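First the structure, in the form of structure tokens, and then the observations on it.
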Amino acid sequence: MISLFLKYSLYFVLYVLVQVLILNNILFLDFINPYLYIFFIITLPSTTTRDVTLLVGFLMGLIIDIFSGTPGFNAFATVLIAYIRPLFQKTFGPREEHDFLVPSIKTYGVGMFLQYAGYLVLIHHFTFFVIESASVAHIGSILLKTVCSSAFTILLIAGLEFFKFRR
Amino acid sequence: MKTLIRFLLKSKTLFLFLFLEIVSLILIVNHNQFQRSWFLNSSNAVVGEIYTFSNSVSEYFNLKTVNENLAKENAELRNLLHVQENELNFIKQDTNYQGRKDFAAEKNFTFITSKVINSSTNKYQNYITLDKGSADSIRPNMGVINALGVVGIVSSASEHFSVVLPILNPSSKISAKIKNGGNAGSLVWKGGDARIALLEEVPLYFPVTKGDTVVTSGNSTIFPEGINIGTVREFRKENYNFYFIEVELFTDFSQLSFVDVISYKNAREQKELEEKEGIHD
């Protein structure tokens, strides 16, 4: 249990650093900005209570915000997906009961996992870009940013997952 | 009351969710104020440290570019120093530089200063590109010099650019002579060292010594007489008639930046007259 806690704490720091030091500097064509750090929230094990997920999501989003100079933007979007996560787990997760389950390609199956992660990524990115543009008036550019950045994030997630799967 | 507490406990996750979202919203709405608040400022010390570290790492990846830029700047400055030094020398000696300009004025030579935008020294067929062309009255067959000496001859000119055939091109042939007199030979280059050219067809009866200055002969309409080319580095008798002379060039072709194109106003007139009389360079 403690080793699990340590492992996820390490992941937490790692994802935050990768996000703020590498991915935040990637700004292809002015509208692709992947947010891979939510992969941490997406793949928290099933034993994590909803409250803990919410708090972790808030903390993580806030740290990313502090680094990016976007106070509350990521926190809001991440808390949202942390809250609705169980809903999608019910829809796409395996039918049978498990005591301990980490959402991944191995446990969900490729198609189901990518759908599960994909929806959460889309919702997160859409929320984020709406907040960023501070109105829904620029819906065209918001959707473009959402789709392009989500595609990039999902690609990274799929890459990471397959890498883990192969090992 | 009991039911209310039970309800609150039952939906505490929802409340936590709403609470966190409201905190986020407050942060978002007060975006500008919060950026100046203690919370972000105090964390910024940590954030700044991490960014500083990240920058100190990423700096290493840029070192190559920075180095290249510095080297380029160095070369430019050195070139500038060369130019200044030489001009100073010329003025001090009060012979060549002033003389050249006076001579130029007298003979209707004008100088068009131009920037070298592309050049090579390491090929067999080297070329130089200048940033001025026919719009600035540069024409083919005009001479090109810089503060150190002869550079080459314009081979073609478009409206805003021109290509120079430098000494460092086997197709280039420049009429030159030993400074203290003697017959004109041709300065050619046959590949290899970018600092060494050959002076051919200098007749044996004229005494040559190492270190003699080689200048333009003035036998053509391209260069006025007496512009520096280089010094005699090595010489021997090639056959019964001519010397074989190696000339160490004054001009450093690897560091060309600004050059003067020589325009001789009466070039065409002189050429036409000579052609009419059947004289060829």
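Protein chains in written order, with the numbering used here: chain S, 1 to 167; chain B, 1001 to 1281.
All residues carry an ideal CB built from backbone N, CA and C; glycine is no exception.
These figures come from a predicted structure and were not determined experimentally.
For residue i, which option in the options has the closest C-alpha, if you only look at C-alpha atoms?
| i | options | result |
| --- | --- | --- |
| residue 126 (chain S) | S:114, S:155, S:91, S:148 | S:148 |
| residue 175 (chain S) | S:87, S:66, S:104 | Nothing about residue 175 (chain S) can be read from this structure; chain S reaches only from 1 to 167. |
| residue 131 (chain S) | S:16, S:59, S:70 | S:70 |
| residue 961 (chain B) | B:1070, B:1253, B:1233, B:1218 | Examination of residue 961 (chain B) is not possible in this model, given that chain B is present from 1001 through 1281 alone. |
| residue 83 (chain S) | B:1111, B:1026, B:1011, B:1167 | B:1011 |
| residue 1209 (chain B) | B:1233, B:1194, B:1201, B:1026 | B:1233 |
| residue 1217 (chain B) | B:1193, B:1181, B:1207, B:1203 | B:1181 |
| residue 1203 (chain B) | B:1073, B:1236, B:1173, B:1221 | B:1236 |
| residue 77 (chain S) | B:1167, B:1119, B:1023 | B:1023 |
| residue 68 (chain S) | S:128, S:102, S:94, S:52 | S:128 |
| residue 1260 (chain B) | B:1224, B:1277, B:1231 | B:1224 |
| residue 1017 (chain B) | S:35, S:57, S:15, S:9 | S:57 |
| residue 1238 (chain B) | B:1061, B:1249, B:1205 | B:1205 |
| residue 111 (chain S) | S:92, S:96, S:165, S:97 | S:92 |
| residue 1167 (chain B) | B:1161, B:1068, B:1251, B:1258 | B:1251 |
| residue 1088 (chain B) | B:1060, B:1068, B:1072, B:1148 | B:1148 |
| residue 1184 (chain B) | B:1242, B:1172, B:1142 | B:1242 |
| residue 1160 (chain B) | B:1136, B:1174, B:1271, B:1072 | B:1136 |
| residue 81 (chain S) | S:6, S:55, S:32, S:106 | S:55 |
Can you list, in chain order, the residues of its chain whose CB lies under 6 angstroms from that of residue i, leaving out five sequence neighbours each side?
| i | result |
| --- | --- |
| residue 1191 (chain B) | 1124 |
| residue 1274 (chain B) | none |
| residue 157 (chain S) | 39, 117 |
| residue 17 (chain S) | none |
| residue 1264 (chain B) | 1109, 1221 |
| residue 1207 (chain B) | none |
| residue 1117 (chain B) | 1129, 1131 |
| residue 1231 (chain B) | 1211, 1213, 1248 |
| residue 23 (chain S) | 34, 36 |
| residue 1119 (chain B) | 1128, 1256 |
| residue 96 (chain S) | none |
If you run the structure through DSSP and keep just helix, strand and coil, what is residue i?
| i | result |
| --- | --- |
| residue 1038 (chain B) | Only weak support is given to the placement of residue 1038 (chain B): the predicted model assigns it a pLDDT of 45, under 50, and the question is left unresolved by the model. |
| residue 1175 (chain B) | strand |
| residue 73 (chain S) | helix |
| residue 86 (chain S) | helix |
| residue 1115 (chain B) | strand |
| residue 91 (chain S) | helix |
| residue 99 (chain S) | coil |
| residue 1153 (chain B) | strand |
| residue 1167 (chain B) | coil |
| residue 1110 (chain B) | strand |
| residue 111 (chain S) | helix |
| residue 1264 (chain B) | strand |
| residue 1120 (chain B) | coil |
| residue 11 (chain S) | helix |
| residue 140 (chain S) | helix |
| residue 118 (chain S) | helix |
| residue 1278 (chain B) | coil |
| residue 1158 (chain B) | coil |
| residue 159 (chain S) | helix |
| residue 1186 (chain B) | strand |
Would you mind reading off the limits of the beta strand (DSSP E) that contains residue i?
| i | result |
| --- | --- |
| residue 1129 (chain B) | 1128–1130 |
For residue i, collect the residues of the same chain with a Cβ closer than 8 angstroms to its Cβ; drop the 5 residues on either side in sequence, then sort them by chain order.
| i | result |
| --- | --- |
| residue 1157 (chain B) | 1133, 1134, 1138, 1139, 1140, 1163 |
| residue 154 (chain S) | 114, 117, 118, 121 |
| residue 1198 (chain B) | 1187, 1188, 1189, 1190, 1244, 1245, 1246, 1247 |
| residue 1015 (chain B) | 1008 |
| residue 100 (chain S) | 45, 46, 47 |
| residue 1084 (chain B) | none |
Looking only at its own chain, which residues have a Cβ that is under 7 angstroms from the Cβ of residue i, when we skip the five neighbours before and after it?
| i | result |
| --- | --- |
| residue 150 (chain S) | 121, 122, 125 |
| residue 172 (chain S) | No answer is possible for residue 172 (chain S): the residues shown for chain S start at 1 and end at 167. |
| residue 109 (chain S) | none |
| residue 88 (chain S) | 116, 119, 120 |
The alpha helix (DSSP H) that contains residue i, what's its start and end?
| i | result |
| --- | --- |
| residue 1145 (chain B) | Counting along the chain, residue 1145 (chain B) falls outside any alpha helix (DSSP H), though it belongs to the beta strand (DSSP E) covering 1143–1145. |
| residue 1138 (chain B) | Unbroken run through residue 1138 (chain B): none, as it is neither H nor E. |
| residue 20 (chain S) | Careful: residue 20 (chain S) lies outside any alpha helix (DSSP H) and carries neither H nor E. |
| residue 55 (chain S) | 50–68 |
| residue 43 (chain S) | Note, residue 43 (chain S): premise wrong, no alpha helix (DSSP H); not H, not E. |
| residue 32 (chain S) | No alpha helix (DSSP H) contains residue 32 (chain S), which DSSP labels as neither H nor E. |
| residue 1009 (chain B) | 1002–1010 |
Answer yes or no: the CB of residue i versus the heavy atoms of the ligand ATP, is any distance below 6 angstroms?
| i | result |
| --- | --- |
| residue 1004 (chain B) | Absent from the structure shown: the ligand ATP. Ligands present: none. |
Only counting runs of 3 or more residues, tell me where the beta strand (DSSP E) segments fall wholly within the stretch 1188–1258 of chain B, in order along the chain.
-> 1196–1200, 1213–1216, 1228–1237, 1243–1249
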